[in-house]
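Structure first, commentary second.
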Amino acid sequence: MTEQPSSVAREGQWVSLFSGGKDSSWALYRALESGLDVSRLVTVHPEGDSYMYHVPATRLASLAAESVGIPLVEVEPDDFEADDADESGAQGDAELRPLEAALTDLDGDLSGGLAGVTAGAVESEYQTSRIEGMADRLDAEVFAPLWQENPRELADAMLEAGFEITIIRVAAYGLDESWLGRTLDEQAIAELEDLNESHGVHILGEGGEFETLVTDGPHMDRAIELEYSTRWDGTRGTLKIEDAWLAE
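Residues in the sequence shown are numbered from 1 upward in steps of one, following full-length UniProt numbering.
Right under this line is the structure:
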């Protein structure tokens, strides 16, 4: 994975692989800071659990895209073949196909073609190897500014930049219903550090321990406001978004 765009980058425009969560939002923010010409966001809407993609609240990516001011391409799960896959590797490959097809179309539509994609991967070899392979087939670069960075330093950098991050799903021992809807602030990060030591919870939720939504940041013109209820089964839970809108 490339942590910085090549000094001899291929001509064309960039696409941000975007879920609205903190990692993909940070990759987008850093790409814009680096001067990359990000002309599209691409969101995949998985059906059910996914090995490749952020799952909850992906429909809110359209609000985030409106606030960021970059057009959004939405990839629906109709062509996913995950149900026919017996192994996680096969499922990941099947899930990648609709995304690769969408990027192939964009390569033909964008002025100068597809120069590269941004990715929010931190440690997952499973995801990154597939994204790299896809980029190679598309003759595109991958900009992954979170890749193998220190999780605590990344969390601190997001807060220092002005990211407002809401936890929208939890699925790990040590994370109870009180974490749903909680803001990922300095206190929450300190508690996650403690949970990392006691329960092995990844500070950034890289193992799926929790999922997030960025509701505001320096790359956004307006904050996302939410109305929600919580669903909790005793061990894991998620926010049920009742309504969402951009603040005036």
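No residue lacks a Cβ here, since even glycine has one placed at the ideal position from N, Cα and C.
Per-residue burial, residue i [other beta carbons within 10 Å of its own, 16 or more giving buried]
i: Thr235; result: exposed
i: Gly21; result: buried
i: Ala172; result: buried
i: His199; result: exposed
i: Pro151; result: buried
i: Asp139; result: exposed
i: Ala144; result: buried
i: Phe80; result: Legend: pLDDT at Phe80 = 49, less than 50; position of this residue unreliable, no value from coordinates given.
i: Gly237; result: buried
i: Asp23; result: buried
i: Pro98; result: buried
i: Asp221; result: exposed
Cross-strand partners of residue i (DSSP beta bridge)
i: Tyr228; result: Ile241
i: Trp147; result: According to DSSP, which records beta bridges pairwise, Trp147 is partnered with nothing at all.
i: Trp14; result: Val38, Gly116
i: Leu74; result: Reading off the sequence shown, one finds Glu at residue 74, where the question assumed Leu. Answer is Thr43, bridged to Glu74.
i: Leu213; result: Thr166
i: Leu246; result: Ile224
Residue i to residue j span [Cα, whole Å]
i: Met158; j: Leu63; result: 20 Å
i: Asp194; j: Phe163; result: 22 Å
i: Glu11; j: Glu191; result: 44 Å
i: Val44; j: Glu76; result: 6 Å
i: Arg169; j: Gly108; result: 36 Å
i: Arg214; j: Arg137; result: Here residue 214 is Val; the residue named in the question, Arg, does not match the sequence. Looking at the two C-alpha atoms, the distance is approximately 31 Å.
i: Ser19; j: Val42; result: 8 Å
i: Glu227; j: Ala244; result: 6 Å
i: Met153; j: Asp185; result: Correcting the residue identity first, residue 153 is Glu in this sequence and not Met. About 13 Å.
i: Gly112; j: Leu36; result: 14 Å
i: Glu132; j: Glu125; result: 10 Å
i: Ser39; j: Ile189; result: 32 Å
i: Leu114; j: Leu106; result: 7 Å
i: Asp233; j: Leu175; result: 12 Å
i: residue 251; j: Leu146; result: Here the chain covers residues 1 to 248 and nothing more, so residue 251 does not appear.
i: Leu204; j: Arg182; result: 14 Å
i: Ile241; j: Ser229; result: 7 Å
i: Leu110; j: Glu197; result: 46 Å
i: residue 283; j: Glu177; result: Summary: the structure shown does not reach residue 283, with the chain confined to residues 1 through 248, and so no result is reported for it.
i: Val117; j: Ala135; result: 8 Å
i: Tyr29; j: Ala102; result: 22 Å
i: Glu123; j: Asp156; result: 17 Å
i: Gly217; j: Ser25; result: 9 Å
Collapsed DSSP secondary structure at residue i in the structure displayed
i: Thr58; result: helix
i: Leu110; result: coil
i: Glu177; result: helix
i: Ile203; result: coil
i: Ile131; result: helix
i: Val142; result: strand
i: Thr183; result: strand
i: Glu81; result: Its pLDDT being 49, under 50, Glu81 is placed unreliably in this model, and the value from its coordinates should be taken loosely. DSSP places Glu81 in coil when its eight states are reduced to three.
i: Val68; result: helix
i: Arg30; result: helix
i: Ser19; result: coil
i: Ser124; result: coil
i: Ala157; result: helix
i: Ala94; result: helix
i: Ala190; result: helix
i: Ala101; result: helix
i: Asp233; result: coil
Proximity test, residue i beta-carbon vs the ligand SAM heavy atom, cut-off 7 Å
i: Ile203; result: Absence of the ligand SAM is noted for the structure shown, with no ligands found whatsoever.
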